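Everything on this sheet refers to the single structure shown next.
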Amino acid sequence: MIIRALAWLRGVQFALWIWVPFAGEGPGRSDPQVLGGYVLAAVFSTTLFTVALRRGTLSPRWVSADVVLAVGYAIVVSRSYPPVDAASITNWVIPPLCGVTVTAAIYGGRYRAGAVCLVVGAWVLGAWPALGTANSAELVTNSVMMTLFAGVAGITGNLLFGAARGADLAAEEAATQRGRAERASERERHTRYLHDTVLQILEGIAQGTRGKDLPEVRRICRTAAEKQRTTVLAARPDGVVAHITEALAEMIEDHPAQEKLQLVSTRFDDRLPDLPTEVVDALTGAVREALNNIIKYAHTDEARVTVTVLEPKGVRIIVVDHGVGFDSDTVVLGFGTRRSIIEPVAAVGGEAVIDSTPGEGTIVEMSWTK
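Positions in the sequence shown are counted from 1; adding 711 to them yields this note's numbering.
See below:
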């Protein structure tokens, strides 16, 4: 932004005084040194800021070249004017020299003060013949103007660069915090996964170690393999879409509830939209945990999973059992319920609500929409 402002400033400084070298009376205005100096300075400034805008910075070499060229035309061109005009505003070098000192004050680094003094000194040397003429006071006023412009620009530039460095540090710190939050979220996801799958599978194996339950043990192990495969496939970039029907159907088909309960009924709306992968993963995991809870706590033989469209492009999932229930207004939800149902659904922008009454069963309702 600073470079763009300097480019506009330099362009205006040349454009406003374009009439001076090419029009009007007086020997200095038609002198080849005046015309040639103007064209050379304008072409160089155009090249300088074109390169700077493309690279996004002004290198010390370009700033040095700008200063050296300015010293040259400050002396040569000013001496080409009649003494009475050398220090007046009709000398086209004055506005561009102000631009050069401003640029040097901002991008001159540790040599900025020396560069500004060199340009102002060259201007004084070139316009020195104006002393003793009617415009001798302009030699002083223009010298002071160049110096003041450079001083103000240097202070402003330092403040802007300091603010930019502060913003960069803040952005870097924010990125670090985001990285920490993402790592914490990943650890949280793995914790939920271990609770929802591995722990449940180990519990199922521990409960089914008798010979007559060998098919159940095999089924549980097969489920474990499927869950591991699902975890690998789930490591896809956020934003990839997946179909909630397929994910839930596969999960429910392999869930221990198929063996532990007499009936797990499902109803899927045929208009269900594709959802972001992270949303499908969160909702599928939440339904899995709801079924786990039915097996362990509900003391019922049936469960029902219903998935419907939630306008405009969302879903509502309801898991119902008619088990023993509990008082959802007074009972504090357990670790598994919070970490595997409530929190993961909320993390993707959805909502999970659990409503239960003693003797009437439990309803787990999850919803998500764009």
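Even glycine gets a Cβ: it sits at the ideal position worked out from N, Cα and C. This structure is a prediction, so every number in the text was calculated from the model and none was measured.
Hey, how far is the Cα of residue i from the Cα of residue j?
i: VAL1031; j: VAL990; result: 21 Å
i: PRO1055; j: ALA861; result: 58 Å
i: PRO806; j: ALA882; result: 38 Å
i: PRO1069; j: SER1051; result: 23 Å
i: ARG982; j: GLU884; result: 44 Å
i: LEU959; j: GLY1072; result: 22 Å
i: THR1044; j: GLY1025; result: According to the sequence displayed, residue 1044 carries Leu and not Thr. So the alpha carbons of these two residues sit roughly 26 Å apart.
i: GLU1076; j: HIS1033; result: 15 Å
i: THR1011; j: LEU972; result: 7 Å
i: TRP719; j: THR1019; result: 59 Å
i: GLY1061; j: ALA816; result: 54 Å
i: ILE713; j: PHE760; result: 11 Å
i: THR988; j: GLN888; result: 24 Å
i: PRO984; j: ASP1038; result: 34 Å
i: LEU1067; j: ILE1028; result: Checking the sequence, you will find Ser at residue 1067 rather than Leu. Approximately 16 Å between the Cα atoms of the pair.
i: ALA785; j: VAL804; result: 6 Å
i: MET857; j: VAL863; result: 10 Å
i: ALA1001; j: ALA895; result: 24 Å
i: ASP742; j: VAL787; result: 11 Å
i: THR977; j: ARG891; result: 39 Å
i: ARG766; j: GLY748; result: 27 Å
i: LEU974; j: SER1078; result: 24 Å
i: ILE1014; j: ILE1005; result: Here the sequence assigns Ala to residue 1014, which means Ile is not the residue at that position. When rounded, the distance between both Cα atoms is 8 Å.
i: VAL762; j: TRP773; result: 9 Å
i: THR801; j: GLU849; result: 11 Å
i: ILE1053; j: GLY877; result: 38 Å
i: ILE729; j: LEU870; result: 33 Å
i: PRO967; j: ARG999; result: 10 Å
Among the options, whose alpha-carbon lies nearest the alpha-carbon of residue i?
i: ASN1003; options: VAL1026, LEU983, GLU970; result: GLU970
i: THR844; options: ALA797, ALA1014, GLY820; result: ALA797
i: ARG821; options: SER789, SER775, ASN853; result: SER775
i: SER854; options: VAL827, ASN869, THR867; result: VAL827
i: GLU899; options: GLY1047, ARG715, TRP1079, SER1078; result: GLY1047
i: VAL835; options: ARG891, ALA824, SER847; result: SER847
i: PRO771; options: GLU957, GLY819, PHE725; result: GLY819
i: ALA859; options: SER896, LEU870, LEU808, ASP1038; result: Strictly speaking, residue 859 in this sequence is Leu, with Ala absent from that position. The shortest Cα separation from LEU859 among SER896, LEU870, LEU808, ASP1038 belongs to LEU808.
i: ASP980; options: THR1017, LEU974, GLU1013, ALA968; result: THR1017
i: THR812; options: PRO840, VAL975, THR1041, GLY865; result: GLY865
i: ALA753; options: ARG766, ARG721, VAL762, TRP773; result: ARG721
i: THR867; options: LEU850, THR814, PHE755, ARG891; result: THR814
i: LEU994; options: GLU1013, MET962, THR977, SER976; result: MET962
i: LEU780; options: ASN802, GLY877, PHE755, THR768; result: PHE755
i: ARG655; options: LEU769, TRP728, ILE729; result: Outside the modelled stretch of the chain, which goes from 712 to 1081, sits residue 655, for which no answer is possible.
i: LEU986; options: LEU1021, ALA1014, LEU974; result: LEU1021
i: HIS954; options: PRO967, ASP992, GLU964, HIS966; result: ASP992
i: THR852; options: LEU870, GLU964, VAL831; result: VAL831
i: SER789; options: LYS1007, ASP1040, TRP839; result: TRP839
Taking C-beta to C-beta, are residue i and residue j nearer than 8 Å?
i: ALA997; j: ALA1063; result: yes
i: VAL778; j: LEU829; result: yes
i: VAL745; j: SER791; result: yes
i: PRO1023; j: THR1080; result: yes
i: VAL782; j: ALA833; result: yes
i: ALA726; j: PRO794; result: no
i: VAL1035; j: ALA1009; result: yes
i: GLN724; j: GLY810; result: yes
With DSSP as the reference, identify every bridge partner of residue i, one or two as the case may be.
i: LEU859; result: Bridge partners of LEU859: none, in fact.
i: SER1078; result: ARG1027, GLU1062
i: ARG999; result: Paired residues: none, contrary to the question.
i: ALA1014; result: VAL975
i: VAL1020; result: VAL1026
i: SER1067; result: THR1073
i: ASP1032; result: THR1073
What first and last residue would you give for the alpha helix (DSSP H) that runs through residue i?
i: THR758; result: 743-766
i: PHE725; result: 713-727
i: TYR792; result: Here TYR792 belongs to no alpha helix (DSSP H), and DSSP marks it neither H nor E.
i: ILE817; result: 805-818
i: TRP839; result: It is not in any alpha helix (DSSP H) - TRP839 carries neither H nor E in the DSSP assignment.
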